[in-house]
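Just below is one structure, and these are the notes that go with it.
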Amino acid sequence: MLYTHSFSCLAVPALFACQAWAQQTFTIAGGQVYTPGIVIWNAPQPGTPLGGETLHVSLDVTANGKLNLPPYVPESPTQIHNITMFLYSRDTGLNLTVNNGSAEIPGSERLIMSQQPGSTVKHINWPWPECLVGDGQPRGADDRRGTYNISIRQNFRLNGQEHYTIFDVPISVTNRIEGGGRLRPSCESLNNPLLSESEVNARTANDVGILFAPGDATQVQFIPSKDKDKDLPDNGLGPPRRSGAQGLGSGTVIGWAGWALWTAWVGVILSLVL
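Mapped onto mature numbering (1 follows the signal peptide of the UniProt record, and there is no 0), the consecutive letters of the sequence shown carry residue numbers -22 to -1, 1 to 252.
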């Protein structure tokens, strides 16, 4: 089922931003967004308007049960070395550290892979920095709110081959973020130089392609831990894929481009009717 309220494309002022985002294609099935890596993105969905106390991101770090959780056997042919995450905007020029994958800094999330031990899903709750406090669309050239990308960088080994991939999910910082008296990190303390698209060269970095979506035959080779992974099969396939009974729904792979444009026009029609 399509929950249209989750997408900023339904807001008429955001229509043109939605059309720009629609140029990027996503592989989505059962509410999960598949990436060029082991991580599967659960939330937020592409195009979601965000705000509140924190930026919340949900990641499955086992390819839906195909890989064991750390600690990994050092010689295992498949393992995640680290995951880093940034929030950046080419409109504002900000490139903020959400998690740098190696150490804690003020305002950043603790190491992703060490969170919630024993859980295949990691929840990142990052406090919005002070420069994003506000409500609604950006007002003026100096306003830092607006269109952003959550960028996840995966450094991993898959079946003996080393990879570093880059995956961006567009969102909008347009919902209300409270200020007044709350301790929020400064944007300056989290900001990094913003590289150009040619310097990042995501296309080359992502040559591995989208992995583990329904229909993908990729098998995961790994050496199980003697105790922790005794119940997983030796071929690394893990349990069956998630189904509607597990609360994730079911569905087929869809392109975000068509979905975004369709929901945008539905939003325009609804706004005129209501």
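Cβ coordinates follow ideal geometry from the N, Cα and C atoms, glycine included.
Burial state of Ala119, where buried means 16 or more other Cβ atoms lie within 10 Å: exposed
Per-residue burial, Lys44 [other beta carbons within 10 Å of its own, 16 or more giving buried]: Buried.
Given 8 Å, three or more beta-carbon pairs between the segment 8 to 25 and the segment 66 to 75: Not touching, per the Cβ criterion.
Proximity below 8 Å, CB of Gly158 to CB of Pro55: no
Contact under 8 Å by Cβ, Ile18 with Ile61: no
Enclosing alpha helix (DSSP H) for Arg181 [first to last residue]: Ala180 to Ala183 is the extent of the alpha helix (DSSP H) around Arg181.
Which listed residue (Gly193, Pro22, Pro202 and Pro192) has its alpha carbon closest to that of His101: Pro22
Rounded Cβ spacing between Val186 and His141 (contact assumed at less than 8 Å): 5 Å
Counted within 10 angstroms of its Cβ, other Cβ atoms place Ala41 as buried (16 or more) or exposed: buried
Backbone CA spacing between Leu136 and Arg117 [nearest angstrom]: 45 Å
Residue burial classification, Asn170 (beta-carbon count within 10 angstroms, cutoff 16): exposed
Distance CB(Leu189)-CB(Tyr12) smaller than 8 Å: yes
Simplified DSSP state of Ile201, which is helix, strand or coil: coil
Same chain, Cβ closer than 6 Å to Gly124, neighbours up to 5 away in sequence not counted: Asp69 and Pro116
Where Pro52 falls, given that 16 or more other Cβ within 10 Å makes a residue buried: An exposed status is given to Pro52, since fewer than 16 other beta-carbon atoms sit within 10 Å of its beta-carbon.
Cutoff 7 Å; reference Ile144; Cβ partners in own chain excluding five residues on either side: Closer than 7 Å at the Cβ level, and outside the excluded window around Ile144, lie Ser129, Arg131, Val178, Ala180, Ala183 and Asn184.
Within 8 Å, strictly: CB atoms of Asn127 and Pro27: Contact: no.
Which of helix, strand or coil DSSP assigns to Ile167: The sequence shown places Ser at residue 167, rather than the Ile named in the question. Helix, per DSSP.
For Lys204 and Glu175, the rounded distance between their alpha carbons: 43 Å
Residue burial classification, Gln197 (beta-carbon count within 10 angstroms, cutoff 16): exposed
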